[in-house]
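First residue of the sequence shown: 34, per my numbering; consecutive thereafter.
Glycine included, each C-beta is placed from N, C-alpha and C at the ideal position.
Being a predicted model, the structure only gives us computed values, none of them experimental.
Working notes for the structure below.
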Amino acid sequence: MKISGNPYGLRREVKKKYMTERLTDLTEYHRQRCREYARILSAVGYNRNKIRGYEELPFLPVGLFKDIRLSSLKEDEACKTVTSSGTGGGQVSQIVLDAETRILQQKVLSEIVGNFIGYQRMPMLVLDSPGVVGKHNNFSARTTAVYGFSLFGRNRTFALRGDMSPDWETVRKFLEKYGKESFLVFGFTFLAWNFFFRQMEQLKEKPDMSRGIFVHGGGWKKMEKEAVSKEEFKKRIRKMCGISRIYNYYGMAEQTGSIFMECEYGHLHCSDYSAVLFRRAEDFSMCEVGETGLIQVMSLLPKSYPGHNLITEDTGWLLGLDDCPCGRKGEYFEVLGRAQNAEIRGCSDTYEP
Numbered sequence: 034m035k036i037s038g039n040p041y042g043l044r045r046e047v048k049k050k051y052m053t054e055r056l057t058d059l060t061e062y063h064r065q066r067c068r069e070y071a072r073i074l075s076a077v078g079y080n081r082n083k084i085r086g087y088e089e090l091p092f093l094p095v096g097l098f099k100d101i102r103l104s105s106l107k108e109d110e111a112c113k114t115v116t117s118s119g120t121g122g123g124q125v126s127q128i129v130l131d132a133e134t135r136i137l138q139q140k141v142l143s144e145i146v147g148n149f150i151g152y153q154r155m156p157m158l159v160l161d162s163p164g165v166v167g168k169h170n171n172f173s174a175r176t177t178a179v180y181g182f183s184l185f186g187r188n189r190t191f192a193l194r195g196d197m198s199p200d201w202e203t204v205r206k207f208l209e210k211y212g213k214e215s216f217l218v219f220g221f222t223f224l225a226w227n228f229f230f231r232q233m234e235q236l237k238e239k240p241d242m243s244r245g246i247f248v249h250g251g252g253w254k255k256m257e258k259e260a261v262s263k264e265e266f267k268k269r270i271r272k273m274c275g276i277s278r279i280y281n282y283y284g285m286a287e288q289t290g291s292i293f294m295e296c297e298y299g300h301l302h303c304s305d306y307s308a309v310l311f312r313r314a315e316d317f318s319m320c321e322v323g324e325t326g327l328i329q330v331m332s333l334l335p336k337s338y339p340g341h342n343l344i345t346e347d348t349g350w351l352l353g354l355d356d357c358p359c360g361r362k363g364e365y366f367e368v369l370g371r372a373q374n375a376e377i378r379g380c381s382d383t384y385e386p
């Protein structure tokens, strides 16, 4: 697997052959190591020899990880567990990660995000409370994301107190020290908006954060309920504190590291380590370009659990292939929201003190 250079450099023909081979190998790898996964493949009549393209590989519903703890590790192998956030007391996904998978996720995340914001580590302002991080073997998706994006940060500073109220004095000191150079701002969309930027709008004197690069993800369902579109979100943040470089990303705990970053044209991009498909909900047949369907995500990274091929509860559509104006190759798409009657979930939709 390549982990260097341009993560958006493979054209469709080359990428499809490469991804088909690697994803088929991963399917066989997990079939041999995870008994529950092997039973699922047997039940659907999977035959490796009949696979002609990765779109023919069997996928798992992302919600399955809330019902079954799927692992391709031996019982005595060391691992950590990442949990997605559940709402309303619902079940959470449990994702088993060994050291090899975690390192791979970090390397690929670094390559993907670095393609957008650069590879130099910057002072980092986290729009969350210090309690989101800790030393233990079980991590929430929020914790994992903060740790993951800390690869791009130094002098990590938290902008919120334990009760999620803004710590303006800490923010002021951070900006006095680092505000004249490029700095990274990271947060989950809804938490950042609700607990930081909305509170900033009430200030008479707004902080100058014009040198900041804001990376955020998740939580758009609640944003839409508050009638805040993606365009309005960026416009109001730019107006109140001057941040103009704002990057949204789409990702999930079930495929940590394989995120889809949004380019300057508002398109989410699929890297050379991932693939994305769109399927009709009624029969899971393939959608045409521009046709709304359930989002299927595939990743080369999961080695400790069979999460390499998942059908999500989100809807979206494919915008194009290899021809985004930003110059990045591969699929680019848009996420439209949750499928009707799908369980609401998300690492940033839920705040639990």
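The DSSP assignment places 216–221 and 245–250 as complete runs of the beta strand (DSSP E) inside the segment 216–276, in order along the chain (cut-off: 3 residues). Sixteen is the threshold: when 16 or more other Cβ atoms of the shown chains lie within 10 Å of the Cβ of Tyr282, as they do, the residue is buried.
For the segment 58–99, the full-length alpha helix (DSSP H) segments reaching 4 residues or more read 68–76 along the chain. With distances taken between CA atoms, Ser337 lies nearest to Val129 out of Val129, Ser304 and Leu236. Put simply, of Glu295, Asp355, Thr176 and Ala192 the residue whose alpha carbon is nearest the alpha carbon of Ile145 is Glu295.
In the structure shown, the three-state DSSP call for Gly284 is coil. Here Ala314 is actually not in contact with Gly299; their C-beta atoms are around 25 Å apart, not less than 8 Å.
Contact check between the segment 64–71 and the segment 340–347: fewer than three CB pairs, one atom from each, fall below 8 Å, which does not count as touching. If you draw a straight line from the Cα of Glu46 to the Cα of Phe207, it comes to about 47 Å.
DSSP lists no beta-bridge partner residue for Ala178. Going by beta carbons, Phe185 and Val159 fall outside the 8 Å limit.
Membership of Arg371 in the beta strand (DSSP E) is indicated by the continuous run Glu364 to Arg371. If you compare the alpha carbons of Lys210, Val204, Pro358 and Leu56 with that of Phe230, the shortest gap goes to Val204. Remark: C-beta atoms of Asp305 and Tyr87 do not approach each other more closely than 8 Å. In the displayed model, Lys113 falls within a strand according to three-state DSSP.
DSSP places Arg135 in the uninterrupted alpha helix (DSSP H) bounded by Ala132 to Ile150. Cβ-Cβ separation between Phe219 and Val248: approximately 5 Å, consistent with a contact (criterion under 8 Å).
About 6 Å separates the Cβ atoms of Gly353 and Tyr365, confirming a contact at the 8 Å cut-off. Boundaries of the beta strand (DSSP E) around Leu327: Gly326 to Ser332.
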